[in-house]
Each structure stands twice: as C-alpha cells, then as structure tokens.
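Q: Take any residue in the sequence shown, note its place counting from 1, add 729, and you have its number in my numbering. From the three backbone atoms N, C-alpha and C, an ideal C-beta is built for every residue, glycine too.
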Amino acid sequence: MTEQKIIALVDGSIYSESVCHHAAWIAGRTAAPVELIHVLGRREAPEKPDLSGAIRLGARSELLEQLAEIDAQRARLTGQRGRAILEDARAIVDRYGVTAITTRLRQGDIVETIGEIEGDARVIVIGKRGEAADFARGHLGSNLERIVRAAHRPVFVAARGFRPIDSVLIAFDGGASAQKAVDHVARSRFFAGLPVTLVTVGPETPEARKGLSDAAAVLAAGGIEADTRILPGQPDEELGRLVEAEGFGMLVMGAYGHSRIRSLMIGSTTTEMMRSCKVPVLLLR
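1. From the DSSP output, in three-state form, read off Leu941 for me.
2. Just to confirm before moving on: does the CB-CB distance between Arg851 and Thr759 stay below 8 Å?
3. Buried or exposed: where does Ile839 fall if 16 or more other Cβ atoms within 10 Å of its Cβ makes it buried?
4. Do His767 and Leu834 count as a contact pair if the criterion is CB distance below 8 Å?
5. Work out the CA separation of Gln809 and Ile712 for me, nearest whole Å.
6. Could you round the C-beta distance between Ala887 and Pro1009 to whole angstroms and report it? I think they count as a contact, below 8 Å.
7. Which value, in whole angstroms, describes the spacing of the CA atoms of Leu960 and Phe919?
8. List the DSSP bridge partners of Lys734.
9. Hey, is the stretch 803-820 in contact with the stretch 843-858, meaning 3+ C-beta pairs nearer than 8 Å?
10. Can the beta-carbon of Thr999 be found less than 8 Å from the beta-carbon of Met982?
11. Tell me which residues share the same chain as Glu1001 and place their Cβ nearer than 6 Å to its Cβ, disregarding the 5 neighbours each side in the sequence.
12. From which residue to which residue does the beta strand (DSSP E) around Gly978 run?
13. In the DSSP assignment, find the alpha helix (DSSP H) that holds Leu873 and state where it starts and stops.
14. Tell me which same chain residues have a C-beta within less than 6 Å of the C-beta of Pro924, skipping the five on either side of it?
15. How is the alpha helix (DSSP H) around Ile1017 delimited, first residue to last?
16. If you measure between the beta carbons of Leu927 and Phe977, is that distance less than 8 Å?
17. DSSP three-state label for Arg835, please.
18. For Thr929 and Asp956, what's the separation of their Cα atoms in angstroms?
19. As a quick exercise: from Ser747, Glu973, Glu791 and Val827, pick the residue whose alpha carbon is nearest that of Ala761.
20. To the nearest angstrom, how far is it from the Cα of Leu968 to the Cα of Ser917?
21. Residues in its own chain within less than 7 Å of Ala752 by CB, not counting five upstream and five downstream?
22. Secondary structure at Ala900, three-state DSSP: helix, strand or coil?
23. Could you compute how far the alpha carbon of Glu816 sits from the alpha carbon of Glu732?
24. Let me check understanding here. Comparing Cα to Cα, which of Lys909, Glu798 and Ala984 lies closest to Arg878?
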C-alpha cells in the first residue's frame, strides 16, 4: 500500500511560503512524505486570436508562425517559472529535515488535478489566498472554495504567517462532517500531545450536551482529553472571537453539508471562518 502523502499546493503567492512551512511541520509530526505541486492553470495557456480574413493570406501565415514562436517561448518561460517555484518550495521543506520530498508540475484545472491525485493524500495543504487574490476586499483564493467543496481528503488552509501549532479548537455542531472531524483528530498522529478544546455554539440543550459528550468520548478513545464548552451566539462570530481571545493555534471544523439548508448554514459559516480566521483551518466534509 502506498504511503499517504502531505500534498502541498504552491503557486508563488505570498501564502506559498506559509504552505511549505505548515506542510513540513505536519510532516515532522506524522512522518509522512511531502509532495509539492504547482499547477499551470488554463488561464496561463496561450490564447490564439482569430485572424481569419483580417489580413491577406501570405502575411497571415507569416504572422501565425511568429505567434506560434511567441507561444512556445511563453510556454517555456511559464514552465521554468513553475519549476523555480517548486525548487524554492523544496528548499523550505528541506530545512525542516524532511527527507521524503517530491515535486510535480501539472497543467490543467486545479480541482481536476486534486481529483486525480487525492487518493494518495493524507491531507491537502493550500493557502487561503493565491496570486490573484484581492487583499483589499478580503476575497478568498479563487480556487479555495472549489477545492474544499470537491476534495474528499482533509483540507488544511494555511494562514498567511506560520507559527508552530500549540493548541487546537474543534467546532462541533453534531453534523456528519463535524463527527468526521472529531474522528480524524482522534486517529491522527498530528494531534498527539496537543491541548484540544471542543466547542458547540448555540443553545444549550440536552442534545447539544450529549453530542459534545459523545464527541469527547471519541477523542478520549484516541488518547486525547478535550475540554468541552457550549457557547451562545452565532458560530462564525463566536468561533472567531474565541480563537482570537484565547490564542488557539488552529481551528478544526466540518465543511459543507449535503442538504440545501445545511449547506446554507454550515457553508456560510465555513466560508466566513476561512475568510476571517488568522490561524490555520482544517476542514473535513
């Protein structure tokens, strides 16, 4: 059986360095190999203008030959840039003493790429924003939500800056993806020895208390003794406030649900947390 990898997506943005640091740090705790991937998206493919009828045949043929050479040069430069990004990424991961590092340059749609390779992935590490992000408007990376919705493996969303993770907050709403998140934490070597807090945001009901108790029991079976809390309020507001106030190093939560109502509720909370949270977010669906 092939050993599952930490797949880190790097694109040359300011977040790529953080992605590399986090991937290396995860590798140090799990002993998993790291694969660094740079995807040359379709937007980077050369565009072919329609010159039909614009100029006479002889001149058009000559111009098409010149354009073909320009396209070839552009493709070579784009490939060289991609390889340079991967070399820089490898150098960062290598500094952590990770010995099993591979790099891969791919071309095509990034979500399709994830679908093809995620079977070998333990976790997919991606930056919150990419090269085309609009920082002034606080937009997420254009591909982040697409990847989270499509991926079947855990997605680790790296914050802009890196610091070793020393405590973990798990957001628990009782849903299937939240239960999957708890089970993942209980089974993963990544979380061994880290303080964990399990929180439900909403009314304190017998169902909420039992859900938290059952989730804590799953963690305890995995050797993790978690504190539990029920807080009133809205999940996106309270979770963000708790992370900030108590300095949690990481947030773990379920991602998008499948039913229409659940997708609206959990999807919006997930998106808001990815947008506003200043620490890494691990998402499971």
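A: Concretely, from the data shown:
1. Position 212 of the sequence shown holds residue 941. Of the three classes helix, strand and coil, the one that applies to Leu941 here is helix, per DSSP.
2. Residue 851 sits at position 122 when you count from the first residue of the sequence shown. Residue 759 sits at position 30 when you count from the first residue of the sequence shown. Closer than 8 Å, so yes.
3. Taking the sequence shown and counting its residues from 1, one reaches residue 839 at position 110. Counting the other Cβ atoms within 10 Å of the Cβ of Ile839 gives 16 or more, which makes it buried.
4. What you label residue 834 is simply residue 105 of the sequence shown in a count that begins at 1. What you label residue 767 is simply residue 38 of the sequence shown in a count that begins at 1. Yes, they are a contact pair.
5. Shown here, the chain extends from 730 to 1014; a query on residue 712 therefore has no answer.
6. Taking the first residue of the sequence shown as 1, we reach residue 887 at position 158. Taking the first residue of the sequence shown as 1, we reach residue 1009 at position 280. Ala887 to Pro1009, Cβ: 6 Å. Contact.
7. Counting from 1 along the sequence shown, the entry for residue 960 is found at position 231. Counting from 1 along the sequence shown, the entry for residue 919 is found at position 190. Looking at the two C-alpha atoms, the distance is approximately 27 Å.
8. Locating residue 734 in the sequence shown gives position 5, where the first residue counts as 1. For Lys734, which the question treats as bridged, DSSP gives the partners Ala850.
9. no
10. One-based indexing of the sequence shown puts residue 999 at position 270. One-based indexing of the sequence shown puts residue 982 at position 253. Their beta carbons are under 8 Å apart, which means Thr999 touches Met982 by this criterion.
11. The residue given as residue 1001 occupies position 272 in the sequence shown. Answer for Glu1001: Asp965, listed in chain order.
12. Stepping through the sequence shown from its first residue, residue 978 is reached at position 249. Unbroken run through Gly978: none, as it is neither H nor E.
13. Locating residue 873 in the sequence shown gives position 144, counting from the first residue. Looking at the DSSP string, the run of the alpha helix (DSSP H) that includes Leu873 is Leu873 to Ala879.
14. As a first step, residue 924 must be located in the sequence shown, where it is residue number 195. So the list reads Ser896, once near-sequence residues are dropped.
15. As displayed, the chain neither begins before 730 nor continues past 1014, which places residue 1017 out of reach and without an answer.
16. The sequence position of residue 927 within the sequence shown is 198, counting from 1. The sequence position of residue 977 within the sequence shown is 248, counting from 1. Contact: no.
17. Counting from one through the sequence shown, the residue named residue 835 turns up at place 106. Correct three-state label for Arg835: strand.
18. Here residue 929 refers to the residue found at position 200 when the sequence shown is read from its first residue. Here residue 956 refers to the residue found at position 227 when the sequence shown is read from its first residue. Roughly 11 Å separates the two Cα atoms.
19. Residue 761 sits at position 32 when you count from the first residue of the sequence shown. When only C-alpha atoms are compared, the closest one is Val827.
20. Mapped onto the sequence shown, residue 968 falls at position 239. Mapped onto the sequence shown, residue 917 falls at position 188. Their Cα atoms are separated by approximately 23 Å.
21. Mapped onto the sequence shown, residue 752 falls at position 23. Excluding positions up to five away in sequence, the list reads Ile735, Ala737, Val763, Val822 and Val854.
22. Taking the first residue of the sequence shown as position 1, residue 900 is located at position 171. Here Ala900 carries a strand assignment [DSSP, helix/strand/coil].
23. Within the sequence shown, the letter at position 87 stands for residue 816. Within the sequence shown, the letter at position 3 stands for residue 732. About 23 Å.
24. Taking the sequence shown and counting its residues from 1, the one referred to as residue 878 is at position 149. When each option's Cα is compared against that of Arg878, the closest is Ala984.
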